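Engineer: Below are the structure tokens for one structure; questions will follow.
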Amino acid sequence: MKIAVVGSYGVGETMRTKRFPGPGETMTGGVLTVGHGGKGANQAIAVRRLGVEVSLLTAIGDDASAERAINLWDSEGIETSQVLRVDGAKTMTGMIIVDDEAENRIVIAPGALDHFSASDVRARAEAIESADALIVCLEIPIDAACEALRIGHEAGLLTVLNPAPAAPVPAEVLSCVDVITPNFSEARALLSDDSGASDSSDAGDETSAPGAAREEDAVELAAALHTATGCRVVLTHGGDGSIVADAHGVRTVAPHPPTDLVDTTGAGDSFTGALTVALLEGDDLETAAVRAAEVGSYVVARQEVIPALPHRSELSERLWSQQTQHDTTES
147 MKIAVVGSYG VGETMRTKRF PGPGETMTGG VLTVGHGGKG ANQAIAVRRL
197 GVEVSLLTAI GDDASAERAI NLWDSEGIET SQVLRVDGAK TMTGMIIVDD
247 EAENRIVIAP GALDHFSASD VRARAEAIES ADALIVCLEI PIDAACEALR
297 IGHEAGLLTV LNPAPAAPVP AEVLSCVDVI TPNFSEARAL LSDDSGASDS
347 SDAGDETSAP GAAREEDAVE LAAALHTATG CRVVLTHGGD GSIVADAHGV
397 RTVAPHPPTD LVDTTGAGDS FTGALTVALL EGDDLETAAV RAAEVGSYVV
447 ARQEVIPALP HRSELSERLW SQQTQHDTTE S
């Protein structure tokens with residue numbers, strides 16, 4: 147069993163501070179850490195640590211950050227022969243601020259990723275076609291992401307789109323997607339770009355009041371996205387769990403409460419990686435979302451993304467047994 151991941155790698159420079167600064171405000175007292183990041187790389191490592199082979203397609207520069215990335219992937223057992231090295235370019239860098247509530251703000255300088263084109267992806271089509279599933283994020287140029295999804299669909303793979311950050315995706319490309327894993331804002335962007343569906347009720351507004359009203363909004367939003375795109379939808383709902391929508395209807399998946407809430411930065415990436423593994427292992431969408439929720443919960447209770455990503459042995463035996471890993475990776 148193998149998953150191809152087409153997405154981003156970048157260096158994450160994370161500043162932890164009590165609160166976010168206001169416009170024009172300078173603050174002191176933060177704690178800085180520098181580590182590996184990028185949605186594609188995070189998803190690839192999440193998958194690999196759950197015992198599944200991974201091929202990563204991304205673009206990196208010719209700097210020291212790129213060398214550190216290759217060393218990391220080699221140590222994790224990730225196939226990197228199709229990674230694009232861009233001469234004269236810097237590896238993507240993300241500036242992240244995390245407050246005391248574990249919320250984050252992120253700004254990205256794409257660097258080498260701006261050079262990752264649809265033709266680069268097409269030249270590496272074999273790495274996608276040889277896999278059983280494909281994960282694509284939108285932290286790479288949209289043409290490259292769309293080409294990867296077309297290749298995966300044509301090859302009969304399970305195709306999973308994590309539409310982050312939010313960007314327009316043509317309806318023709320969404321028809322190549324089996325499963326989509328947006329948060330509220332990403333789901334609303336896809337509805338606006340694809341279906342023209344009415345969104346005037348503020349459904350999915352992440353600043354709206356919590357509780358029953360928000361759950362009702364999430365159910366409505368997931369159902370609308372499934373209807374508009376035909377994709378199976380797993381709408382991530384933060385600490386309130388997720389909403390799944392498919393041909394069997396719309397269901398709410400309860401959250402897996404973390405032991406502590408430290409940093410939410412890698413939650414979505416780990417969730418998407420784990421969800422894809424669970425689907426390949428034969429789970430239905432709801433069960434896969436339950437298993438993925440445990441992985442996301444594990445990650446948000448720890449600092450930094452890569453150190454927080456769990457191995458299967460660190461998760462509950464009930465949901466992520468070693469026997470399941472053995473059975474699926476041997477098939």
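In this text, residue positions in the sequence shown follow this note's numbering: the first is 147, and each later residue adds one. We put the CB at the ideal spot given by N, CA and C, even for glycine. All values reported here derive from a predicted model rather than from experimental measurement.
1) Per DSSP, what kind of secondary structure is Leu329 in: helix, strand or coil?
2) So, under 8 Å CB-CB, Asn114 and Lys148 are touching, yes? Tell me the CB distance rounded to an integer number of Å.
3) Please identify the residue among Ile216, Leu280, Ile224 whose C-alpha is closest to the C-alpha of Asp208.
4) Cβ of Glu450 versus every heavy atom of the ligand SAH: is any distance shorter than 7 Å?
5) Are the stretch 162-172 and the stretch 383-393 in contact at 8 Å, needing three or more beta carbon pairs?
6) Quick check for students: name the residue ranges of the alpha helix (DSSP H) that lie wholly in the stretch 150-198, counting only runs of 4 or more.
7) May I ask you to list the residues that DSSP assigns as paired with Arg397?
8) Output needed for Ile252: all residues of its chain with C-beta closer than 6 Å, excluding positions within five of it in sequence on either side, in chain order.
9) Should the stretch 282-299 be regarded as contacting the stretch 319-332, the criterion being three or more beta carbon pairs within less than 8 Å?
10) If I measure Cβ to Cβ from Leu465 and keep anything under 8 Å in the same chain, skipping five residues before and after, which residues do I get?
11) Let me make sure I understand the geometry here. Which of Ile281, Cys292, Ala273 has the alpha-carbon closest to that of Leu421?
12) For the alpha helix (DSSP H) that Val445 lies in, which residues bound it at each end?
13) Could you tell me which of Ser227, Glu225, Phe262, Leu407 sits nearest to Ala235, measuring between CA atoms?
14) Could you give the uninterrupted runs of the beta strand (DSSP E) lying entirely in the stretch 248-306, keeping only those of 3 residues or more?
15) What is the DSSP secondary structure of Ile224, reduced to helix, strand or coil?
16) Leaving out the 5 sequence neighbours to the left and right, which residues in its chain are closer than 7 Å to Ala408 when beta-carbon positions are compared?
17) Once the 5 residues before and after Gly175 are set aside, which same chain residues still bring their CB inside 8 Å of it?
18) Identify which residue in Pro328, Glu362, Ala424, Thr405 has its Cα closest to the Cα of Val380.
19) Within 10 angstroms of the Cβ of Thr382, are there 16 or more other Cβ atoms? Answer buried if so, exposed if not.
Structural biologist: According to the data block:
1) The question names Leu, but residue 329 in the sequence shown is Asn. Three-state result, Asn329: coil.
2) No statement about residue 114 is possible, as the shown extent of the chain runs from 147 to 477 and does not include it.
3) Ile216
4) With respect to the ligand SAH, the structure offers nothing, as it holds no ligand at all.
5) no
6) 185-195
7) Val390
8) Gly240, Ile242
9) yes
10) Val436, Arg437, Glu440
11) Ile281
12) 431-446
13) Phe262
14) 250-255, 279-283
15) coil
16) According to the sequence shown, residue 408 is Val rather than Ala. Same-chain partners within the cutoff: Ala248, Val446, Ala447, Arg448, Gln449.
17) Thr163, Lys164
18) Pro328
19) buried
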